[in-house]
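> Before we start, here is the structure in question, set down as structure tokens.
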Amino acid sequence: MGPPILAESQPKFLYFLQTYERCFIQEWLSTGNRTCPRTQQVLSHITLTPNHLVRGMISDWCTKNGISLSPPSDTDLDLVTGNDRSTFTSLLDSISSQSSPISAKKQAIKDLRLLTKRNKSFRAVIGEKPGGISQFLSVLSVPALKDNPEVLEDTVTTILNLSIHDSNKKILGEHGEVVPILVTGLRTGTMETRRNSAAALFSLSALDSNKVIIGGLCAIKFLIDLLEDGTLEAQKDAAAAIFSLCMVRENRGRAIQCGVVDVALQHIIQEILVDESLAILALLCGDQEAVEEIKENGVRCLLKVIRENPCKRSKENAVVVLFAVCMYDRKMLREVVKDEKLNSTMEWLALNGTSRAQRKASGILDKIKRTMPKTPYSC
Numbered sequence: 001m002g003p004p005i006l007a008e009s010q011p012k013f014l015y016f017l018q019t020y021e022r023c024f025i026q027e028w029l030s031t032g033n034r035t036c037p038r039t040q041q042v043l044s045h046i047t048l049t050p051n052h053l054v055r056g057m058i059s060d061w062c063t064k065n066g067i068s069l070s071p072p073s074d075t076d077l078d079l080v081t082g083n084d085r086s087t088f089t090s091l092l093d094s095i096s097s098q099s100s101p102i103s104a105k106k107q108a109i110k111d112l113r114l115l116t117k118r119n120k121s122f123r124a125v126i127g128e129k130p131g132g133i134s135q136f137l138s139v140l141s142v143p144a145l146k147d148n149p150e151v152l153e154d155t156v157t158t159i160l161n162l163s164i165h166d167s168n169k170k171i172l173g174e175h176g177e178v179v180p181i182l183v184t185g186l187r188t189g190t191m192e193t194r195r196n197s198a199a200a201l202f203s204l205s206a207l208d209s210n211k212v213i214i215g216g217l218c219a220i221k222f223l224i225d226l227l228e229d230g231t232l233e234a235q236k237d238a239a240a241a242i243f244s245l246c247m248v249r250e251n252r253g254r255a256i257q258c259g260v261v262d263v264a265l266q267h268i269i270q271e272i273l274v275d276e277s278l279a280i281l282a283l284l285c286g287d288q289e290a291v292e293e294i295k296e297n298g299v300r301c302l303l304k305v306i307r308e309n310p311c312k313r314s315k316e317n318a319v320v321v322l323f324a325v326c327m328y329d330r331k332m333l334r335e336v337v338k339d340e341k342l343n344s345t346m347e348w349l350a351l352n353g354t355s356r357a358q359r360k361a362s363g364i365l366d367k368i369k370r371t372m373p374k375t376p377y378s379c
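What follows is the structure, given as structure tokens:
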């Protein structure tokens, strides 16, 4: 169960319509989690949506019981103080001024990174200064700093921090330099820079328009590289970004062409990020090219997931992919029949899976009966 929803709280729901307190959601996301805490399904974005129905129920109850309900604070419009604006302007001037020494520019971008991390209201200031993004990005055009890995990390992480503020996602995504810098961070940065670049792309991809922009700038290839060779936490951020970007159809072909199917299958076989990898494959398995790749090495590992993985959502995604493979190539049914004779995997899932998993498992069993009528697959 989630934490209790209190009268003074701000109930919000994540992408899969699970309602929780906003503070608990923020804590969950800030620790690097990119799945729904209840369903374990990979989140396609981390935009928080107010649950006005629950808020209304709370309001009605308070009115009936004579309790004063404080108005909800709009955390996306945190109060920006004059001091915030002054500090922000000063840092931008230090970064962009030709008269500022190199050391001052380096310190200013580091300070900007720290302030945008610690101070929610500070993130909102960028929306008030149309030229502010170009000013702080100009640090990477300084000859002495453009190849500095520390400066690149600070710049990328500042973009990540700013992108958390919902109102900034559009202006950042549409700025001509932001996504290319994140791609550079993915391609050439330290592991921390690569991870933060992936996280920033995931955050920006909450908007479909940004998904298209990001996909068109070669980000997917380098996200897949990170999914393959990054640290576990970096791989999680890469997987979340890939999944989110592939919610837009034109990015699915790009991901497949860049090798995401093989990387996801290898993770499943090695039991690394199994849930995230299955979610990606389930999203892509409507593509013939993806199915061709999956059928070569994927059937046995998908059956193993269904038998052994404790997560119902992962079992569902596995059978969704398996169904696509079996409908595409009836030869793959033979692998399922062999397993069915030994383990009755599909028969069990048809009775015990999620509603979607039950439908897919039943569909596979029906296909076996129609195409292999003399094949006994259960005792």
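For the sequence shown, the UniProt record's numbering gives the first residue as 1, with consecutive numbering after it. Virtual Cβ for every residue (Gly too), placed ideally from N, Cα, C.
Among A239, L333, M332, K315, whose alpha-carbon lies nearest the alpha-carbon of S355?
Position 355 of the sequence shown, counted from the first residue, corresponds to residue 355. If we check each option's Cα against that of S355, K315 comes out closest.
> Here's a check: name, in chain order, each residue in its chain whose Cβ is nearer than 7 Å to the Cβ of C258, leaving out the five neighbours to either side.
Residue 258 sits at position 258 when you count from the first residue of the sequence shown. Around C258: I220, K221, I224.
> Could you give the DSSP three-state label for P180: helix, strand or coil?
What you label residue 180 is simply residue 180 of the sequence shown in a count that begins at 1. Helix at P180.
> Whole angstroms is fine: what's the gap from T155's alpha carbon to F136's?
The residue you call residue 155 lines up with position 155 of the sequence shown. The residue you call residue 136 lines up with position 136 of the sequence shown. Near 8 Å, if we compare the C-alpha coordinates of F136 and T155.
> Using DSSP with H/G/I as helix, E/B as strand and the rest coil, what is K129?
Residue mapping note: residue 129 aligns to position 129 of the sequence shown, counting from 1. K129 falls in the coil class under three-state DSSP.
> Using alpha carbons as the reference points, say which of R195, S362, A206 lies closest to E233.
For the purposes of this step, residue 233 is taken as the residue at position 233 of the sequence shown. Nearest C-alpha to E233: R195.
> What residues in its chain sit with their C-beta under 8 Å from that of T231, if we drop five residues either side in the sequence?
Here residue 231 refers to the residue found at position 231 of the sequence shown. Closer than 8 Å at Cβ, skipping near neighbours: M191, R195.
> Could you compute how far the alpha carbon of K295 sits from the alpha carbon of S94?
Reading the sequence shown from its first residue, position 295 is the one you call residue 295. Reading the sequence shown from its first residue, position 94 is the one you call residue 94. One C-alpha to the other measures close to 56 Å.
> Is K331 buried or exposed, if buried means 16 or more other CB atoms sit within 10 Å of its CB?
Position 331 of the sequence shown, counting from 1, holds the residue named residue 331. K331 comes out exposed.
> From C279 to L160, what does the alpha carbon distance come to, in whole angstroms?
The sequence position of residue 279 within the sequence shown is 279, counting from 1. The sequence position of residue 160 within the sequence shown is 160, counting from 1. Looking at the sequence provided, one finds Ala at residue 279 rather than Cys. Answer to the nearest angstrom: the Cα atoms are 24 Å apart.
> Can you grab the Cα-Cα spacing for the pair A241 / T81, in whole Å?
Numbered from its first residue, the sequence shown carries residue 241 at position 241. Numbered from its first residue, the sequence shown carries residue 81 at position 81. When rounded, the distance between both Cα atoms is 33 Å.
> Taking its Cβ as the centre, do 16 or more other Cβ atoms sit within 10 Å of K369, making it buried, or is it exposed?
Counted from its first residue, the sequence shown places residue 369 at position 369. Counting Cβ neighbours within 10 Å, K369 comes out exposed, since fewer than 16 surround it.
> Beta-carbon of I268 versus every beta-carbon of chain B: anything under 9 Å?
Although the question refers to chain B, the structure presented lacks it and comprises just one protein chain.
> Just checking, does the region 287 to 307 make contact with the region 243 to 263 on the three C-beta pairs under 8 Å criterion?
Yes, since at least three Cβ pairs between the region 287 to 307 and the region 243 to 263 fall closer than 8 Å, the two stretches touch.
> How is T155 classed by DSSP in three states: helix, strand or coil?
The residue given as residue 155 occupies position 155 in the sequence shown. In this structure, T155 counts as helix in the three-state DSSP scheme.
> For N352, count neighbouring Cβ atoms within 10 angstroms of its own Cβ and tell me buried if that reaches 16, exposed if not.
Sequence index remark: in the sequence shown, residue 352 carries index 352 (1-based). By the 10 Å Cβ count, N352 comes out exposed.
> Between which residues of its own chain and A282 is the CB-CB distance below 7 Å, once the five residues before and five after are set aside?
Taking the sequence shown and counting its residues from 1, one reaches residue 282 at position 282. Answer for A282: N317, V320, V321, listed in chain order.
> Measuring alpha carbon to alpha carbon, tell me which of S141, A206, V299, G216 ends up nearest M327.
For this step, residue 327 is matched to residue 327 along the sequence shown. Comparing Cα positions, the closest option is V299.
> Can you give the beta carbon distance from K170 to L201, rounded, assuming they're within the 8 Å contact cut?
The count along the sequence shown starts at 1 and reaches residue 170 at position 170. The count along the sequence shown starts at 1 and reaches residue 201 at position 201. With a Cβ gap of about 15 Å, K170 and L201 do not count as contacting.
> So for N210, helix, strand or coil by DSSP?
For the purposes of this step, residue 210 is taken as residue 210 along the sequence shown, with counting starting at 1. Reduced to three states, the DSSP call for N210 is helix.
> With distances taken Cα to Cα, identify the nearest neighbour of G216 among Q358, G176, S163, T116.
Here residue 216 refers to the residue found at position 216 of the sequence shown. Answer by Cα proximity: G176.
> Between L227 and G185, how many whole angstroms is the CB-CB distance? I'm expecting something under 8 Å.
On the sequence shown, position 227 is the one that residue 227 refers to. On the sequence shown, position 185 is the one that residue 185 refers to. That pair is no contact at about 15 Å.
> Let me know if S86 comes out buried or exposed under the rule of 16 or more other beta-carbons within 10 Å of its beta-carbon.
Position 86 of the sequence shown, counting from 1, holds the residue named residue 86. Result: exposed.
> With DSSP run on the structure shown, which of helix, strand or coil describes D287?
Within the sequence shown, numbered from 1, the residue matching residue 287 stands at position 287. If DSSP states are grouped into helix, strand and coil, D287 belongs with coil.
> Helix, strand or coil: how does DSSP classify N251 here?
Numbered from its first residue, the sequence shown carries residue 251 at position 251. Helix at N251.
> Report yes if the CB atom of V183 is closer than 9 Å to the CB atom of L204, and no otherwise.
Here residue 183 refers to the residue found at position 183 of the sequence shown. Here residue 204 refers to the residue found at position 204 of the sequence shown. No, the pair does not count as a contact, with Cβ atoms beyond the cut-off.
> Enumerated in chain order, which unbroken segments of the alpha helix (DSSP H) with a length of 4 residues or greater are wholly contained in the region 293 to 366?
List check, alpha helix (DSSP H) in window: 299 to 308, 312 to 328, 333 to 343, 345 to 352.
> Can you look up P149 in the DSSP assignment and give me helix, strand or coil?
One-based indexing of the sequence shown puts residue 149 at position 149. Looking at P149 - three-state DSSP - the assignment turns out to be helix.
> Since M191 is in the alpha helix (DSSP H), which residue starts that stretch and which ends it?
Within the sequence shown, residue 191 is the residue found at index 191, counting from 1. M191 -> alpha helix (DSSP H) spans 191 to 204.
> Under the three-state reduction of DSSP, which class applies to Q270: helix, strand or coil?
In the sequence shown, the residue the question calls residue 270 occupies position 270. It is coil, neither helix nor strand.
> Can you name, in chain order, every residue of its own chain whose Cβ lies under 6 Å from the Cβ of R123, other than the five neighbours on each side?
Numbered from 1 along the sequence shown, position 123 holds the residue referred to as residue 123. Closer than 6 Å at the Cβ level, and outside the excluded window around R123, lie T116, L162, H165.
> Consult DSSP for T75 and reduce its assignment to one of helix, strand or coil.
For the purposes of this step, residue 75 is taken as residue 75 along the sequence shown, with counting starting at 1. Residue placement at T75 cannot be trusted, given a pLDDT of 47 that sits under 50; the coordinates are not used to answer.
> Which class does V142 belong to by DSSP, given the choice of helix, strand or coil?
Translated into the one-based positions of the sequence shown, residue 142 becomes position 142. Reduced to three states, the DSSP call for V142 is coil.
> Contact check, T157 vs R118 under 8 Å by CB: the rounded distance?
Along the sequence shown, read from residue 1 onward, the residue named residue 157 stands at position 157. Along the sequence shown, read from residue 1 onward, the residue named residue 118 stands at position 118. In fact, because the Cβ distance is near 12 Å, the residues do not count as touching under 8 Å.
> Can you tell me whether DSSP reads D166 as helix, strand or coil?
Taking the first residue of the sequence shown as position 1, residue 166 is located at position 166. Here D166 sits in coil by DSSP.
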